[in-house]
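To keep things clear, I will list the structure first and then write my remarks on it.
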Amino acid sequence: MSTFQAGTFSTRTTDSNQLLASGTYTMVSDRLVEINLTSLVRNTQSKVNCAMVTPSQLNCTSDAGSQFSLARRG
6 MSTFQAGTFS TRTTDSNQLL ASGTYTMVSD RLVEINLTSL VRNTQSKVNC AMVTPSQLNC
66 TSDAGSQFSL ARRG
């Protein structure tokens, strides 16, 4: 589960709430989010650009070219 709050980003496991990644984010525009994150699992840093395709979904691409989606739940 990912959390965005006051410029801070974090991702935790849903079962044990273990922190997997953390960092900061910036709203580049009303539909573009830039995330600078550190993966605690891989011990790497990366920049991720995410497009807000709906109010509850971000489609993201990392600086290494990996693509993934983040969805809001609840």
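Note that the numbering used here numbers the sequence shown so that position 72 is 77, with each residue one more than the last. Every residue gets a Cβ at the ideal spot worked out from N, C-alpha and C, and that includes glycine. None of the values given here were measured: they were computed from a predicted structure.
{"Item": "CA-CA distance, Val33 and Ala56?", "Value": "10 Å"}
{"Item": "Measure the beta-carbon distance from Val53 to Ser44 and round it to whole angstroms, keeping in mind my assumption that it falls under 8 Å.", "Value": "Not confirmed; about 11 Å, so no contact."}
{"Item": "Rounded to the nearest angstrom, what separates Gln72 and Asn64 at their Cα positions?", "Value": "7 Å"}
{"Item": "Helix, strand or coil for Val131 per DSSP?", "Value": "The chain is shown from 6 up to 79; residue 131 falls before or after that span and cannot be answered."}
{"Item": "Using CA coordinates, which residue listed in Phe14, Leu37, Gly28, Pro60 is at the minimum distance from Phe50?", "Value": "The residue asked about is misnamed: residue 50 is Gln in this sequence, not Phe. Checked all of Phe14, Leu37, Gly28, Pro60; the closest Cα to Gln50 is Gly28."}
{"Item": "Would you kindly work out how many angstroms separate the C-alpha atoms of Tyr30 and Asp20, rounded to a whole number?", "Value": "25 Å"}
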